[in-house]
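Report on one structure; see the data block that follows.
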Amino acid sequence: MKPVLGDPATPPNSSGLEAFGGPLALWQSLRAARGFGGKSGEIVDISLLGSVPLHRLGCDQWLCGLQVRYSARPAEIYLAAHGGSEACDSELLGLTPAIAEALAMLARENASVAGGESELRGRSCEALRSCGQPRAVALAREQTNRAFCLEHQVFLKLQVRLEPGAGLESHRLEQLGRVAPQLPIPEWLGEVTWHQAGCETAPLALLTAWCDADGDAFESLVQSWKNGSDLPSFWPLLGQQLAQLHAGLRLLEPTHDANSESARGYHQARVAAARQRLLRLSPYLESRRGLSTRLEQHLVHWSRLDHCLELQAVHGDFHLGQVLSTPSGFRLIDFGGEPQVSPEQRRQPGARLVDLAGLLRSVDYAAACAAPELADFAASEQLQSRAESLGVALVSAYFTETARLGYHDGQSQQVRPWLEALLLDKALRELEYELDHRPDWAPIPTAALERLAQRQEVSQ
17 MKPVLGDPAT PPNSSGLEAF GGPLALWQSL RAARGFGGKS GEIVDISLLG
67 SVPLHRLGCD QWLCGLQVRY SARPAEIYLA AHGGSEACDS ELLGLTPAIA
117 EALAMLAREN ASVAGGESEL RGRSCEALRS CGQPRAVALA REQTNRAFCL
167 EHQVFLKLQV RLEPGAGLES HRLEQLGRVA PQLPIPEWLG EVTWHQAGCE
217 TAPLALLTAW CDADGDAFES LVQSWKNGSD LPSFWPLLGQ QLAQLHAGLR
267 LLEPTHDANS ESARGYHQAR VAAARQRLLR LSPYLESRRG LSTRLEQHLV
317 HWSRLDHCLE LQAVHGDFHL GQVLSTPSGF RLIDFGGEPQ VSPEQRRQPG
367 ARLVDLAGLL RSVDYAAACA APELADFAAS EQLQSRAESL GVALVSAYFT
417 ETARLGYHDG QSQQVRPWLE ALLLDKALRE LEYELDHRPD WAPIPTAALE
467 RLAQRQEVSQ
């Protein structure tokens, strides 16, 4: 690590909020930015956790960590910037391309920069150090991150929400690049982390090699089905690549045998969580042909499965939006785990079929989005048939590859009930989310739950 870079510039004052136009202006900016407030209670307090100058990195701004307290959920730390000559879109909270360039320089130089009790530390591999200092262009803005392209050489993902104790994505990409370099995943180039006195380290920026892609696989699939086009023949390759990813992840951390106490505890915890979720959703589901009661029978069957699944490191949030579509295939991205759970929970081993279930549910959503209206999906036999056919092909490719690689979750008659159970679990999670945030989308997981209940009834 190179010496800490100091800066003589004047930091924000003790409250830190005047630099953003005062508490009211900052509150309005936070409310305007996606992912801040509105979902689980109003913002009740904002304070400056720390700030770091970027002037020695060629950027005339300060990077600030803001602690945001809500009325109905735990406090969170968000990133914002102030100062500088670039116009700052309030939705970006001042996170301009100049900041991305400064952070790329920090990583490339393996340096650090400090301000008071806050510090940024950069780290990189030789490939990044040979890239020079490319210019950054802003790409997508997500709820928790901002993306930048540095002259089609480097992709930089800047975290808007700082999570002390996280950092799983950078760690896994770096390690997978060493133990399984053949995997279709981004090449790890470097990272920048935020260090705050009294807090765990938080990932700030991840740098990976740029990949020319046509967009994510979800949008690609939706457009193909909207146009009535046949899918490229390589689509089942995605199931095979997921199996290869799981083989690579097995090399990073110990696995837990299907007969272990950990596997049995995982089984029981998943069933219990699904039952609680079903209980919360019962008023909605019972009015739909007694669906809640019918699904309870599905959960009873799940709880009685005598075959558990092996546990290992998994992707944790796998769906078509986490897959880049290229002219010749796919690249798997976003290895940070399920965002709704704590960093510690994301590191816990899980069942591989959770990732496969996430992929299949994503295919179902793509088919629904390909309908002229979401309400038309249930009546479109063609779209449902296409989704089912692609799902069968992906599952077949996945299990064919796991058998070739020498690991599997048991015989088909043992695995299929587990996959059905995890599809049920996933659809219940989706329905709960949709009812809370996008009620118009609730028919998608509701229709899936109806199909799962019907299949369970036919199998008995």
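Residue numbering for the sequence shown is 17 to 476, as defined by the numbering used here. Don't be surprised by glycine CBs; every beta carbon is placed ideally from N, CA and C. Nothing here was measured: the structure is a model prediction, and the numbers come from that model.
Notebook entry, point to check: Can you give the Cα-Cα distance for Leu321 and Ala163, rounded to whole angstroms?
Noted result: 43 angstroms
Next item on the list: Below 8 angstroms on the Cβ atoms is my guess for Phe346 versus Gly374; work out the distance and round it to an integer in Å.
Entry: That pair is no contact at about 15 angstroms.
Notebook entry, point to check: By the 10 Å Cβ neighbour count, where 16 or more other Cβ atoms means buried, how is Arg447 classified, buried or exposed?
Noted result: For the sequence presented, residue 447 should be read as Leu rather than Arg. By the neighbour-count rule (16 or more Cβ atoms within 10 Å), Leu447 is buried.
Check: Counting pairs of beta carbons, one from the segment 173 to 191 and one from the segment 237 to 246, are three or more of them closer than 8 angstroms?
Finding: No contact exists between the segment 173 to 191 and the segment 237 to 246.
Note to self: Please return the same chain residues whose Cβ sits closer than 6 angstroms to the Cβ of Leu301, not counting the five positions on each side in sequence.
What the structure shows: Same-chain partners within the cutoff: Leu307 and Ser308.
Checklist line | Check whether Cys141 and Trp204 have beta carbons under 9 angstroms apart | finding: yes
Check: Do the segment 86 to 96 and the segment 127 to 134 make contact, defined as three or more Cβ pairs closer than 8 angstroms?
Finding: Taking 8 angstroms as the limit for Cβ pairs, the verdict is that the segment 127 to 134 does not touch the segment 86 to 96.
Check: By how many angstroms is the C-alpha of Ala196 removed from the C-alpha of Val474?
Finding: 42 angstroms
Margin query: Tell me the rounded alpha-carbon separation between Arg188 and Leu421.
Written below: A direct Cα-Cα distance of roughly 21 angstroms separates Arg188 from Leu421.
Next item on the list: Look at the alpha carbon of Ala383 and the alpha carbon of Met121, and state the distance between them as a whole number of angstroms.
Entry: 43 angstroms
Checklist line | Ser186 burial status per 10 Å Cβ neighbour count (16 or more: buried) | finding: buried
Checklist line | Rounded straight-line distance, which links the Cα of Ser319 to that of Ala225 | finding: 44 angstroms
Item checked: Inter-residue spacing [alpha-carbon to alpha-carbon] between Ser396 and Arg454 -> 22 angstroms
Notebook entry, point to check: Which residue from Val379, Glu417, Ala413 and Leu268 puts its Cα closest to that of Ser401?
Noted result: Val379
Next item on the list: Grab the span of the alpha helix (DSSP H) containing His314 for me, first residue to last.
Entry: Leu307 to Ser319
Next item on the list: My understanding is that Pro365 touches Glu216, with C-beta atoms under 8 angstroms, so please give their C-beta distance in whole angstroms.
Entry: That pair is no contact at about 21 angstroms.
Check: Mind pulling the alpha helix (DSSP H) runs of 4 or more residues that sit fully within the segment 356 to 402?
Finding: Listed in chain order, the complete alpha helix (DSSP H) runs (minimum 4 residues) inside the segment 356 to 402 are 359 to 362 and 368 to 386.
Note to self: Do Gly66 and Gln212 have their beta-carbon atoms positioned less than 9 angstroms apart in this structure?
What the structure shows: Yes, the Cβ-Cβ distance between Gln212 and Gly66 is below 9 angstroms.
Checklist line | Of the residues Arg471, Leu79 and Val408, the one placed nearest Leu220, counting alpha carbons only | finding: Ranking Arg471, Leu79 and Val408 by Cα distance to Leu220 puts Leu79 first.
Checklist line | Residues near Ser56 by beta carbon distance below 8 angstroms, same chain, minus five either side | finding: Its pLDDT being 49, under 50, Ser56 is placed unreliably by the model, and the measurement read from it follows with that caveat. Scanning its chain for C-beta atoms nearer than 8 angstroms, with the 5 sequence neighbours on each side dropped, one finds around Ser56 the residues Tyr86, Ala88 and Arg89, in chain order.
Next item on the list: Evaluate Gly148 with the Cβ neighbour count: other Cβ atoms within 10 Å of its Cβ, from every protein chain shown; 16 or more gives buried, anything less gives exposed.
Entry: Taking a 10 Å sphere around the C-beta of Gly148, we find fewer than 16 other C-beta atoms and assign the residue as exposed.
Notebook entry, point to check: Given 8 angstroms as the limit, is there contact between the segment 351 to 363 and the segment 325 to 334, that is, 3 or more CB pairs closer than that?
Noted result: yes
Margin query: For Gly74, count the other beta carbons within 10 Å of its own beta carbon; 16 or more makes it buried, fewer makes it exposed. Which is it?
Written below: Under this definition Gly74 is an exposed residue.
Item checked: Cβ neighbours of Val431 in the same chain (closer than 6 angstroms, five flanking residues each side left out) -> Asp425
Next item on the list: Look up Ser56 in the DSSP assignment and say whether it is helix, strand or coil.
Entry: Bear in mind that a pLDDT of 49 at Ser56, under 50, signals an unreliable position, so the number given afterwards is only what the model happens to contain. Three-state DSSP puts Ser56 in coil, outside helix and strand.
Next item on the list: Select from Ala96, Ala229, Gln169 and Arg286 the residue whose C-alpha is nearest the C-alpha of Gly337.
Entry: Ala229
Margin query: For Arg304 and Ile460, I'd like the C-alpha separation in whole angstroms.
Written below: So the alpha carbons of these two residues sit roughly 14 angstroms apart.
Notebook entry, point to check: For Ile460, which beta-bridge partners are listed by DSSP?
Noted result: Ile460 is not bridged to any residue.
Notebook entry, point to check: Is Arg377 buried or exposed, if buried means 16 or more other CB atoms sit within 10 Å of its CB?
Noted result: buried
Check: Going by other Cβ atoms of all chains shown within 10 Å of its Cβ, with 16 needed for buried, is Ala443 buried or exposed?
Finding: buried
Item checked: 8 angstroms contact criterion, which Leu325 and Ala409 should meet: CB distance rounded -> Between Ala409 and Leu325 the Cβ distance is about 22 angstroms, and since that is not below 8 angstroms, they are no contact.
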